[in-house]
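A.B. asks: Below you'll find the structure I mean.
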Amino acid sequence: MVRNAWSLGTVILIMQLMWIPGVVVNGKLCKDPNHVTINDFLFKGFNIRGDTYNTDGANATLIDINRFPGVNTQGVSLARVDFAPFGLNTPHWHPRGSEIFAVVEGSLYAGFVTSDNKLYDTILKKGDMIVFPQGLIHFQANIKRTDALAVASFGSQNPGRVNVANGVFGTKPRILDGVLTKAYQVDRKVVEQLRAQFLNENMSINTAELISTY
Numbered sequence: 001m002v003r004n005a006w007s008l009g010t011v012i013l014i015m016q017l018m019w020i021p022g023v024v025v026n027g028k029l030c031k032d033p034n035h036v037t038i039n040d041f042l043f044k045g046f047n048i049r050g051d052t053y054n055t056d057g058a059n060a061t062l063i064d065i066n067r068f069p070g071v072n073t074q075g076v077s078l079a080r081v082d083f084a085p086f087g088l089n090t091p092h093w094h095p096r097g098s099e100i101f102a103v104v105e106g107s108l109y110a111g112f113v114t115s116d117n118k119l120y121d122t123i124l125k126k127g128d129m130i131v132f133p134q135g136l137i138h139f140q141a142n143i144k145r146t147d148a149l150a151v152a153s154f155g156s157q158n159p160g161r162v163n164v165a166n167g168v169f170g171t172k173p174r175i176l177d178g179v180l181t182k183a184y185q186v187d188r189k190v191v192e193q194l195r196a197q198f199l200n201e202n203m204s205i206n207t208a209e210l211i212s213t214y
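If you count by the UniProt record's numbering, then the sequence shown holds residues 1 to 214, one letter each, in order.
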């Protein structure tokens, strides 16, 4: 009787939370089993190449709980990472999940930084993979004049992503100038120049121009 009462109370609480503005959970409420179909466990389109026509020359397509409800409560998600020649998946970290990164095509320079500022880096070729521990800054760069492709798996249905540069110079509202000038030992002009680069994430450049700089 106690178990049944507790379960009923939990259900009522969840229903109440659904109607409270501002309540957010790391996941989604489960679908009624009577309405579940095979389509809830399928995702199609992972073969579609991501658009790399941007400032970084790379595109990470994350298939997490927001795009693939079937992973709800499973603690897994996947990403396709496309690289243009010399493209860069900029330094970032995932606050809620570790990552296994595998190269499908091409050669990539990859690495991560530990909490004591030690860099672990390597060259990954087709068939190689690397683990990026949860919460550590990491990156990948295409070192060839040809496209590259990688697949990343995460130990979370919603790993999240925080870009290092955008997380400092692209915040809304802005971090106070005094904080950044002191932290990076630069003047306000440099801070404003960096902000101009990272406040607009929709900037794009010609890939050919990117190649010509190497």
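Beta carbons: idealized from backbone N, C-alpha and C, even for Gly.
Taking the straight line between their C-alpha atoms, what separation do you get for Phe86 and Val113?
C.D. replies: 21 angstroms
A.B. asks: Since Thr55 is in the beta strand (DSSP E), which residue starts that stretch and which ends it?
C.D. replies: No beta strand (DSSP E) contains Thr55, which DSSP labels as neither H nor E.
A.B. asks: For Thr61, does the three-state DSSP call read helix, strand or coil?
C.D. replies: strand
A.B. asks: Looking only at its chain, what residues have a beta carbon closer than 8 angstroms to the beta carbon of Val191, apart from the 5 residues adjacent to it on each side?
C.D. replies: Phe169, Asp177, Leu180, Thr181, Tyr184
A.B. asks: Count the other CB atoms, across all protein chains shown, that sit within 10 Å of the CB of Leu119; report buried if there are 16 or more and exposed otherwise.
C.D. replies: exposed
A.B. asks: Helix, strand or coil: how does DSSP classify Arg174 here?
C.D. replies: coil
A.B. asks: So, with DSSP's three-state summary, where would you put Ala196?
C.D. replies: helix
A.B. asks: Classify residue 215 as helix, strand or coil using the three-state DSSP reduction.
C.D. replies: Given that the chain is displayed from residue 1 to residue 214, the structure contains no residue 215 and the question cannot be resolved.
A.B. asks: Once you ignore the five residues that flank Ala84 on each side, which residues in its own chain have a CB closer than 8 angstroms to its CB?
C.D. replies: Thr52, Tyr53, Gly57, Ala58, Asn142, Asp147, Thr207, Leu210
A.B. asks: For Arg145, which residues from the same chain have a beta carbon less than 6 angstroms from its beta carbon, with the 5 sequence-adjacent residues on both sides left out?
C.D. replies: Pro85
A.B. asks: Report the start-end ranges of each alpha helix (DSSP H) in the UniProt domain "Cupin type-1" (46-192) that is 4 residues or longer and not cut off at the edges.
C.D. replies: 164-169, 177-184
A.B. asks: Count Cβ pairs between the stretch 148-155 and the stretch 94-105 that sit closer than 8 angstroms; are there 3 or more?
C.D. replies: yes
A.B. asks: Return the Cβ separation of Ile96 and Asn47 in integer angstroms, given the expectation that the two are a contact with Cβ distance under 8 angstroms.
C.D. replies: A quick correction: the sequence has Arg, not Ile, at residue 96. Not confirmed; about 27 angstroms, so no contact.
A.B. asks: Of the residues Asp187, Asn72, Val164, Ile137, which one's Cα is nearest the Cα of Asp116?
C.D. replies: Ile137
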